[in-house]
Ligand code: SF4
Ligand code: SF4
């Protein structure tokens with residue numbers, strides 16, 4: 015998956031939960047995993063997509079008129095066979111009911127858009143975080159963008175699902191201050207069943223990064239574990255991760271409690287609804303923090319970390 019030039023589906027500003035300090039986020043489109051609890055489903059496909067937000071539609075019919083392929087018989091209905099993804103409908107929709115996810119941006123354009131935030135990012139001890147999707151699917155582009163930001167004195171973080179080609183990603187890693195490394199299911203077969211790919215390469219990448227860090231040769235490695243009741247919160251799973259991280263010399267991680275924030279996006283993109291996961295209670299989160307603490311690992315919730 016992936017090509018040399020990614021699509022970017024969002025730039026977010028003044029964020030506090032994705033690395034040290036105040037950060038701007040660059041969202042890359044395309045992910046090799048399909049975790050059922052994902053809150054950024056618009057990141058899954060590497061190609062551009064059209065979302066329909068029915069609550070914003072004013073029924074003007076402009077999309078029906080503008081479509082050169084006659085792929086929209088009525089508002090909210092798009093014939094996937096006929097659609098050629100020209101985006102004329104989304105560009106002419108007056109109420110943003112039709113929204114395009116994913117546009118090409120050059121690294122230089124992204125830097126210029128973020129430039130007004132640079133002073134705040136610097137004084138807060140923050141920077142820019144690449145997230146998605148999986149930015150490391152586009153290692154050359156990501157390394158170019160990170161290099162430009164670093165030359166401006168901006169710290170760069172990578173949030174990754176961990177499934178990437180370590181060799182191709184080396185120039186990117188060289189530019190980073192921190193890698194926020196997502197961990198989910200320890201058991202390889204269970205990971206494949208739930209997330210759509212084996213995690214052997216993911217664990218190997220985590221180990222390689224942690225070993226490099228221990229030799230003072232790479233970015234800080236900071237795992238993040240989504241806490242999803244019934245999925246990632248089994249004692250065996252958590253214990254296995256705690257022992258593994260401890261063995262790698264990693265002494266901190268972030269526990270990210272599940273929250274059903276991405277539910278609307280699934281509907282807008284015509285995806286089936288997510289399975290009905292539960293939000294973990296404060297008591298459950300504290301138990302998980304204790305479990306990691308017992309292995310010598312400090313567990314934080316997002317925004318509370320001491321990086
Ligand atoms: S993207 Fe283009 S072809 Fe597809 S429905 Fe919209 S206007 Fe028609
Ligand atoms: S152009 Fe937009 S607002 Fe108008 S009918 Fe189509 S989707 Fe609805």
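Numbering (our numbering), first residue to last: 15 to 321.
Each residue gets a CB set at the ideal place from its N, CA and C atoms; glycine is no exception.
For clarity, every value in this text was computed on a predicted model and none was experimentally measured.
For my contact list, residue i and residue j are in at a C-beta cut-off of 8 Å; report their separation, rounded to the angstrom.
{"i": "residue 143", "j": "residue 173", "result": "6 Å"}
{"i": "residue 314", "j": "residue 268", "result": "5 Å"}
{"i": "residue 198", "j": "residue 167", "result": "About 34 Å separates the two Cβ atoms, so there is no contact after all."}
{"i": "residue 241", "j": "residue 294", "result": "5 Å"}
{"i": "residue 82", "j": "residue 100", "result": "7 Å"}
{"i": "residue 52", "j": "residue 76", "result": "Not a contact, Cβ separation roughly 32 Å."}
{"i": "residue 89", "j": "residue 73", "result": "6 Å"}
{"i": "residue 50", "j": "residue 151", "result": "Wrong, their Cβ atoms sit about 20 Å apart, outside the cutoff."}
{"i": "residue 202", "j": "residue 212", "result": "5 Å"}
{"i": "residue 161", "j": "residue 189", "result": "5 Å"}
{"i": "residue 282", "j": "residue 65", "result": "4 Å"}
Name the one or two DSSP bridge partners that residue i has.
{"i": "residue 323", "result": "For residue 323 there is no data in the structure shown, the boundaries of the chain being 15 and 321."}
{"i": "residue 39", "result": "26 and 143"}
{"i": "residue 240", "result": "270"}
{"i": "residue 65", "result": "113"}
{"i": "residue 173", "result": "194"}
{"i": "residue 235", "result": "193"}
{"i": "residue 313", "result": "267"}
Within 10 angstroms of its Cβ, does residue i collect 16 or more other Cβ (buried), or is it exposed?
{"i": "residue 15", "result": "Because residue 15 sits at a pLDDT of 44, beneath the cut-off of 50, its placement in the model cannot be relied upon, and the following sentence gives the value as read from the coordinates. When all chains shown are included, residue 15 counts as exposed."}
{"i": "residue 297", "result": "exposed"}
{"i": "residue 229", "result": "exposed"}
{"i": "residue 92", "result": "buried"}
{"i": "residue 300", "result": "exposed"}
{"i": "residue 117", "result": "exposed"}
{"i": "residue 18", "result": "exposed"}
{"i": "residue 279", "result": "buried"}
{"i": "residue 284", "result": "exposed"}
{"i": "residue 257", "result": "exposed"}
{"i": "residue 44", "result": "buried"}
{"i": "residue 57", "result": "buried"}
{"i": "residue 238", "result": "buried"}
{"i": "residue 20", "result": "buried"}
{"i": "residue 317", "result": "exposed"}
{"i": "residue 274", "result": "exposed"}
{"i": "residue 312", "result": "exposed"}
{"i": "residue 329", "result": "There is no way to answer for residue 329, as the model of the chain reaches only from 15 to 321."}
{"i": "residue 320", "result": "exposed"}
{"i": "residue 214", "result": "exposed"}
{"i": "residue 129", "result": "exposed"}
{"i": "residue 148", "result": "buried"}
{"i": "residue 153", "result": "buried"}
{"i": "residue 179", "result": "exposed"}
{"i": "residue 233", "result": "buried"}
{"i": "residue 310", "result": "exposed"}
{"i": "residue 104", "result": "buried"}
{"i": "residue 263", "result": "exposed"}
{"i": "residue 308", "result": "exposed"}
Within 8 Å (strictly less), CB to CB, does residue i reach chain B?
{"i": "residue 217", "result": "No chain B appears in this structure, which consists of one protein chain only."}
Subject >> At least three beta-carbon pairs within less than 8 Å, the segment 69 to 76 to the segment 109 to 128 >> reply: The segment 69 to 76 vs the segment 109 to 128: in contact.
Original post:
Would you call the segment 30 to 38 and the segment 142 to 156 touching, i.e. three or more CB-CB distances under 8 Å?
Top reply: Output reads yes: the segment 142 to 156 touches the segment 30 to 38.
Subject >> Touch test, the segment 54 to 62 against the segment 176 to 188, Cβ-Cβ under 8 Å, three pairs minimum >> reply: The answer is no - the segment 176 to 188 does not touch the segment 54 to 62, with fewer than three Cβ pairs under 8 Å.
Subject >> alpha helix (DSSP H) runs wholly inside the segment 70 to 127, at least 4 long, in chain order >> reply: Counting only runs that start and end inside the segment 70 to 127, the alpha helix (DSSP H) elements of at least 4 residues fall at 76 to 80 and 102 to 106.
Original post:
Can you list, in chain order, the stretches of the alpha helix (DSSP H) that have 4 or more residues and sit fully within the segment 251 to 310?
Top reply: The segment 251 to 310 contains, as complete alpha helix (DSSP H) runs of 4+ residues, the segments 277 to 282 and 296 to 307 (chain order).
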